[in-house]
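**Q** My questions all concern the structure below.
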Amino acid sequence: MDSSETSCFAICPTCESEKEHEIVRKREVGSGLDVKIRCYDCSIVHKIHIRPNKGIKLAFLLSDGPTSSNAKIEVDDDEMFRVDDIFEHDDKLWRINTIESTHKKFMRKSLPERIGRITAIRFDEVRVKVTMTEGDVSSSGLIICEPDRVFTAGSIIEYEGEKWRIRSINTSRGSTLRGKFDAYKIKRLYLQPPPPPRKAPKTSRERRQAWKEGKLGYNPNPEKK
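In terms of this note's numbering, the sequence shown is residues 167 to 391.
Structure (structure tokens):
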């Protein structure tokens, strides 16, 4: 709270909701403040106590692709951690993957006092595994991209200078031949060469057959373009 401030928002015990208050008096208590305030709505005067959060060291296992490292990161003792939360450390973004309690049990969310370790994966860039199949030959690769890059089953992408069709997408829910997904949700892409370009009909016979198959759209005279 800045010394020049004359008002603040706080929970009023009479109104029982957050209201704007006039700051009547402030007194330093150690590294914190005791503040006497008056509610603008009901005029009741009461005190609020402002104390700095205590910092504690929390164990993290940070995974950046194939490399993992242990880190002790200082956090506020009242900070709530949740699975899939994004945080910044060492000029990189990380996403919480698991939260393990001091009793080796997994939790969806927790305050630091109950946490034994947090595992997190790098989030400002992700590694998407790919399998490319051409005939009977398959090879593996890797696409490094932004976590929100979208991949769509059936679409054509360029990889290592060549065009490939996404045959299927594998996520934590299994493989699918349809749909689109953000890169960070994808476990593996399965690629195959795109179909060869369709040969345009040239002769009258070819154009008539293409017209019968609906490949020319509406054309009352299929023998002419």
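We put the beta carbon where it would ideally sit given N, CA and C, even for glycine.
Mind checking His269: buried by the 16 CB within 10 Å criterion, or exposed?
**A** So His269 counts as exposed.
**Q** By the three-class DSSP mapping on this structure, what secondary structure does Tyr356 have?
**A** Correct three-state label for Tyr356: strand.
**Q** In terms of residue numbering, what span does the beta strand (DSSP E) encompassing Val201 cover?
**A** Start and end: 198-205.
**Q** DSSP three-state label for Lys270, please.
**A** Three-state DSSP puts Lys270 in coil, outside helix and strand.
**Q** Using the Cβ count rule (16 or more neighbours within 10 Å means buried), how would you classify Arg373?
**A** Counting Cβ neighbours within 10 Å, Arg373 comes out buried, since at least 16 surround it.
**Q** Comparing C-alpha positions only, which one of Phe247, Ser334, Arg354 sits nearest to Gly307?
**A** The shortest C-alpha separation from Gly307 is found at Arg354.
**Q** Would you decide whether Met298 is buried or exposed? Buried here means 16 or more other CB atoms lie within 10 Å of its CB.
**A** The residue in question, Met298, is buried, as its Cβ has 16 or more Cβ neighbours within 10 Å.
**Q** Excluding the 5 residues flanking Asn219 on each side, which residues of the same chain have their C-beta closer than 7 Å to its C-beta?
**A** Asp242, Asp243, Asp244.
**Q** Could you check the C-alpha separation between Ala319 and Ser334 for me, to the nearest Å?
**A** Looking at the two C-alpha atoms, the distance is approximately 6 Å.
**Q** Quick test of the definition: if touching needs 3 or more C-beta pairs under 8 Å, does the stretch 245-265 touch the stretch 186-200?
**A** Segments in contact, no.
**Q** So, is Phe247 buried or exposed, given that buried needs 16 or more other C-beta atoms within 10 angstroms?
**A** Buried is the call here.
**Q** Look at the alpha carbon of Thr233 and the alpha carbon of Lys295, and state the distance between them as a whole number of angstroms.
**A** Approximately 15 Å between the Cα atoms of the pair.
**Q** Determine the burial state of Cys178: buried for a count of at least 16 other Cβ atoms within 10 Å of its Cβ, exposed for fewer.
**A** Buried, because 16 or more other Cβ atoms sit within 10 Å of the Cβ of Cys178.
**Q** For the beta strand (DSSP E) containing Phe289, name the first residue and the last one.
**A** Counting along the chain, Phe289 falls outside any beta strand (DSSP E), and DSSP gives it neither H nor E.
**Q** Counting C-beta neighbours from all protein chains within 10 Å, is the total for Tyr356 16 or more, i.e. buried, or is it exposed?
**A** Label assigned to Tyr356: buried.
**Q** Which residues in the same chain have their Cβ closer than 8 Å to the Cβ of Ser276, if we skip the five residues on either side of it in sequence?
**A** The residues are Met246, Phe247, Ile265, Ser267.
**Q** Count the other CB atoms within 10 Å of the CB of Cys205; is the residue buried (16 or more) or exposed (fewer)?
**A** Looking at its Cβ environment, which holds 16 or more other Cβ atoms inside 10 Å, Cys205 is buried.
**Q** If you draw a straight line from the alpha carbon of Arg217 to that of Gly345, how long is it in whole angstroms?
**A** Looking at the two C-alpha atoms, the distance is approximately 50 Å.
**Q** Excluding the five sequence neighbours on either side, which residues of its own chain have a C-beta within less than 7 Å of the C-beta of Arg191, listed in chain order?
**A** Closer than 7 Å at Cβ, skipping near neighbours: Lys202.
**Q** Excluding the 5 residues preceding and the 5 following His212 in the sequence, name in chain order all residues of the same chain whose CB lies nearer than 7 Å to its CB.
**A** Taken in chain order, the residues that qualify are Pro179, Ile203.
**Q** Note down the Cα distance separating Trp147 from Ile281, rounded to an integer number of angstroms.
**A** The structure shown does not extend to residue 147, since the chain is modelled only from 167 through 391, so no value can be given for it.
**Q** Please confirm whether Glu312 and Glu291 have their CB atoms less than 8 Å apart.
**A** Their beta carbons are under 8 Å apart, which means Glu312 touches Glu291 by this criterion.
**Q** Taking Ile395 as part of the beta strand (DSSP E), name the residues at either end of that continuous run.
**A** For the chain, the structure presents residues 167 to 391; residue 395 sits outside this window and is missing.
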